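Heads up, the thing below is written out as structure tokens.
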């Protein structure tokens, strides 16, 4: 998505936007040119102002407030008057077993998500795409998009209702004289459970992008190969998959870059049910240390660690995609 | 499956019975996994306390439906108040967010705007480095916004994804329309209000839905910035349906909700979900139109 916009912005900047602008298109525009451009587009500049102010204050302002990671934060003194402590917070973090627990849990859940959650929308989209009844397909689409719009609070409550001790599943099993299963609050079941939850909530919504990609595959390719005698499997392997490969890679890169975010709200809601040993991830670690525990500088350091690793991952994944001859997220 | 809407192209072989059956089973399982939990929640909220207890905690279909649980929570008290907060927050938040996002997206979609490119890069860069939780918290605290509703709107005013969707949509409007409007003597504001916005209804509808849903569902910021008597519904729901250590000091225990019967808990769950279920069908048809044209032009 950022690809498009960036490309577009580049072409716009290169070619003169309209005829009157010809003078400023060659070389660096002088101060007079810029002033003229400002004059001509001042209505749009005015429209831009509130949004720009938002990004400057709440994104770049917050960026600067990251300085707290290098301080011993004293609430009474405020951010700027608190004493600098260099990289002490980072050193402490790298020696903290709780931090490594959280990192390990995050990576473990992320890998589970990558293996089970990432392909789920693709599988669902292929199922939907293969339905020949338009009516049934549209109905199914409406139903499977729905859970995406529910709050995590609702989703977690729903899962407790269905899978808890006195939930739908266990009372049914009990009535049938079978063994009941211990899922909610069971540390061993926690990681699979959170992955199943995210599949239930977002796999349906994820189909949108794959369905759109599937629709764009040229029908004639299918037709030609069918006439040449290719069966459904061969068509899938040689036409469908190669056609949607760029979108799969794009989504994979975006997922890799965000791999240390495994769902903050979801994890925070359920961390207490299994305890930090199993349920803590990096985001909840930051929350628990910084906002509950008041160890602000330390938590900010963990936040920065996550941000830097994330950015490095996007960068690397994008590099690899270019090497493989794919488009990637940005140029 | 209905035979009326079949769209099988001529080259595709007639599916075997086994394939058809497997697909039918898959679709039914997927639909069941999503719809049955909803059914259980709604049914339990409508059942009598007795029936729920007899049945072991839940009901698939109430034998004697009653609205008692809803009456209990909607006649004043903490849930009624939280509902009011949630509605106000969602309406105001969506309006502010939609206005700011639309203005910014429109300005960035027009060619040759002064400062357009640096601003765009500035915004796209935030994708790579999202603000952390702690700096954002310090900022809200430092600006004196604790326990104000501004703390729940201002830090999440513009979503970059929504911004890009709208910008992409605006860029799709043909340049000739602008020129025609200008020749007719329309001013900047007139062009935006009378030409661009009416043409962009589908995208605006989708973006408003995204904003409204995120304001309605948000609970985390409320939990760290707001005192408990200013909480929206989702945060109230969280503290006593999912549970947690904070319950004791929230005033929920005095309201008798902690020990509330299952029916009442499920009724709150339903109330938190119903608004989404109500607007969803009307906006659903715009999803592919509005989201896709804006987002996947690549």
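Chains as they are written, first to last, in our numbering: chain A, 203 to 533; chain B, 18 to 315.
Ideal Cβ placement from N, Cα and C applies to all residues, glycine included.
Since this is a predicted model, take the numbers as computed values, not measurements.
The ligand FAD heavy atom lying under 7 Å from the CB of residue i
i: residue 446 (chain A); result: Looking at this structure, you won't find the ligand FAD or any other ligand, since it has none at all.
Buried/exposed call for residue i, threshold 16 Cβ in 10 Å
i: residue 70 (chain B); result: exposed
i: residue 155 (chain B); result: buried
i: residue 399 (chain A); result: buried
i: residue 36 (chain B); result: exposed
i: residue 380 (chain A); result: exposed
i: residue 80 (chain B); result: exposed
i: residue 279 (chain B); result: buried
i: residue 164 (chain B); result: exposed
i: residue 269 (chain B); result: Confidence at residue 269 (chain B) is low in this model, with a pLDDT of 45, below 50, so its placement is unreliable and no value can be given for it.
i: residue 417 (chain A); result: exposed
i: residue 105 (chain B); result: exposed
i: residue 524 (chain A); result: exposed
i: residue 258 (chain A); result: exposed
i: residue 512 (chain A); result: buried
i: residue 192 (chain B); result: exposed
i: residue 323 (chain A); result: buried
i: residue 411 (chain A); result: buried
i: residue 235 (chain B); result: buried
Alpha carbon of residue i to alpha carbon of residue j, nearest angstrom
i: residue 419 (chain A); j: residue 446 (chain A); result: 8 Å
i: residue 44 (chain B); j: residue 403 (chain A); result: 16 Å
i: residue 356 (chain A); j: residue 377 (chain A); result: 27 Å
i: residue 453 (chain A); j: residue 368 (chain A); result: 39 Å
i: residue 209 (chain B); j: residue 239 (chain A); result: 20 Å
i: residue 328 (chain A); j: residue 409 (chain A); result: 9 Å
i: residue 58 (chain B); j: residue 249 (chain B); result: 21 Å
i: residue 78 (chain B); j: residue 61 (chain B); result: 8 Å
i: residue 358 (chain A); j: residue 252 (chain B); result: 13 Å
i: residue 231 (chain B); j: residue 225 (chain B); result: 10 Å
i: residue 28 (chain B); j: residue 299 (chain B); result: 36 Å
i: residue 285 (chain B); j: residue 255 (chain B); result: 10 Å
i: residue 341 (chain A); j: residue 457 (chain A); result: 29 Å
i: residue 496 (chain A); j: residue 110 (chain B); result: 29 Å
i: residue 64 (chain B); j: residue 55 (chain B); result: 14 Å
i: residue 481 (chain A); j: residue 203 (chain B); result: 59 Å
i: residue 183 (chain B); j: residue 254 (chain A); result: 16 Å
i: residue 319 (chain A); j: residue 354 (chain A); result: 17 Å
i: residue 285 (chain A); j: residue 268 (chain A); result: 14 Å
i: residue 241 (chain A); j: residue 252 (chain A); result: 19 Å
i: residue 249 (chain A); j: residue 214 (chain B); result: 14 Å
i: residue 188 (chain B); j: residue 118 (chain B); result: 15 Å
i: residue 544 (chain A); j: residue 473 (chain A); result: An answer regarding residue 544 (chain A) cannot be provided, because it is not within the stretch 203 to 533 covered by chain A.
i: residue 479 (chain A); j: residue 465 (chain A); result: 17 Å
i: residue 309 (chain A); j: residue 392 (chain A); result: 14 Å
i: residue 126 (chain B); j: residue 185 (chain B); result: 7 Å
i: residue 128 (chain B); j: residue 180 (chain B); result: 16 Å
i: residue 467 (chain A); j: residue 102 (chain B); result: 21 Å
i: residue 223 (chain A); j: residue 235 (chain A); result: Per-residue confidence for residue 223 (chain A) stands at a pLDDT of 43, beneath the threshold of 50, marking its modelled position as unreliable; the derived number appears in the next sentence. One C-alpha to the other measures close to 9 Å.
i: residue 205 (chain B); j: residue 173 (chain B); result: 28 Å
i: residue 364 (chain A); j: residue 293 (chain B); result: 21 Å
Below-8 Å beta-carbon distance, residue i vs any chain B residue
i: residue 307 (chain A); result: no
i: residue 445 (chain A); result: no
i: residue 363 (chain A); result: yes
i: residue 321 (chain A); result: no
i: residue 239 (chain A); result: yes
i: residue 225 (chain A); result: Summary for residue 225 (chain A): the model assigns pLDDT 42, below 50, so the residue's position carries little reliability; its value from the coordinates is reported in the next sentence. So, not an interface residue.
i: residue 250 (chain A); result: yes
i: residue 520 (chain A); result: no
i: residue 421 (chain A); result: yes
i: residue 261 (chain A); result: yes
i: residue 332 (chain A); result: yes
i: residue 347 (chain A); result: yes
Residues bridged to residue i (per DSSP)
i: residue 286 (chain A); result: A:273
i: residue 225 (chain B); result: Paired residue(s): none; residue 225 (chain B) is not in a bridge.
Interface flag, residue i vs chain A, CB-CB below 8 Å
i: residue 263 (chain B); result: The pLDDT assigned to residue 263 (chain B) is 37, lower than 50, so where the model puts this residue is not dependable, and the model offers no usable value.
i: residue 243 (chain B); result: no
i: residue 169 (chain B); result: no
i: residue 121 (chain B); result: yes
i: residue 47 (chain B); result: yes
i: residue 232 (chain B); result: no
i: residue 297 (chain B); result: yes
i: residue 223 (chain B); result: no
i: residue 200 (chain B); result: no
Q) Touch check for the stretch 427-436 of chain A and the stretch 342-350 of chain A: three-plus C-beta pairs under 8 Å? A) no
Q.
Whether or not the stretch 141-155 of chain B and the stretch 260-279 of chain A are in contact is what I'm after, with contact meaning three or more pairs of Cβ atoms, one per stretch, closer than 8 Å; do they touch?
A. yes
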